[in-house]
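What follows is a single structure, written as structure tokens, with notes after it.
Numbering (mature numbering (1 follows the signal peptide of the UniProt record, and there is no 0)), first residue to last: -25 to -1, 1 to 333.
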């Protein structure tokens, strides 16, 4: 089965139910990776296929809340790919098992700034739960033939009536409230008050009036930009890198008045992993290999978790991608760190209302 057919079959199985997903996954090999679409790219884990002569079996999710519910409903995977704001939730739900860092080559090479983030990769008891893999931004993307540089200096542009029907933001509650938090001047959303939650939600309602559609993956947003369907997007580095390379008149402003959002995603080991642990650790070693850094940065526009690999990349490329100075990179950012479960549920419920027009 070629990769496209395999992805379509897995996606179809995901819509049928958790049992069907795993029934299909078993036929593809011992290792099942529950991931975002696009990360099945063999060049993100070349050492795995070199060792086993085959790719892992991938199943896909559209967002982490969807993945969480599918796993609670019984879907089994060996490895999954959540982002920073979900790790605590998954861990507290008893879904994860600790990582044996002695089996992960280059664990000490992981980006020290990310590893120092509280309650993310490790807990106070010294146990490791999360291996950072990719990190990047959600920021303002705009078509330079329809939007001026001056207009694109503020995130408030998303609610400007001039762009009615020409806006897309992700169908992703974390990115949505990151945007709204920045607009209301909040860089640490863990401290969001009731009044700030209302202010942020009101901004998203204003944005909704301009939204042409809520994008769910890179294909949606890339096609909309290249087809001149939208002028503005709250999107990821990959879209900018891909479309710029295709000659689409697009820019990414990481330096708006309000700032940008930064996320970190990585791999976790599921508690009830049905496959073989040695294959799981071989996969973790493969994605953490320093040679993956160059491909990650150049092709996806994201930073790689392996700091040693990042340091070996041509400095000009790092400058071009905005990764040459991590301290400056994080200075104007809202880091998508975990929020209290009660606040996250409020965000989820309110965002659903907003998308429905209420």
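In this text, a Cβ means the ideal position worked out from N, Cα and C, and glycines have one as well. If you're wondering where the values come from, they're calculated on a predicted model, not measured in any experiment.
- The beta-carbon distance between residue 104 and residue 243, rounded to whole angstroms, is 6 Å. This is short enough to meet the 8 Å contact definition.
- A direct Cα-Cα distance of roughly 18 Å separates residue 51 from residue 74.
- Comparing alpha-carbon positions, the option among 47, 57, 177, 222 lying closest to residue 37 turns out to be 57.
- Minimum Cα-Cα distance from residue 326 among the listed residues 215, 156, 41, 148 corresponds to 148.
- In the DSSP assignment, residue 88 falls within the alpha helix (DSSP H) that extends over 87 to 90.
- Rounded to whole angstroms, the gap between the alpha carbons of residue 93 and residue 107 is 13 Å.
- For the pair residue 7 and residue 21, the Cα-to-Cα distance works out to about 16 Å.
- For residue 95, the three-state secondary structure derived from DSSP is coil.
- In this structure the region 23 to 32 does not lie against the region 229 to 241, because fewer than three pairs of beta carbons, one per stretch, are closer than 8 Å.
- The C-beta of residue 313 has 16 or more other C-beta atoms within 10 Å across all chains shown, which makes the residue buried.
- Around residue 61, the same chain offers 39 as residues with beta carbons nearer than 6 Å, after the five sequence neighbours per side are excluded.
- In the three-state DSSP reduction, residue 311 falls in the coil class, being neither helix nor strand.
- Looking at the DSSP output, residue 10 shares a beta bridge with 35.
- Per DSSP, the beta bridge partners of residue 279 are 109.
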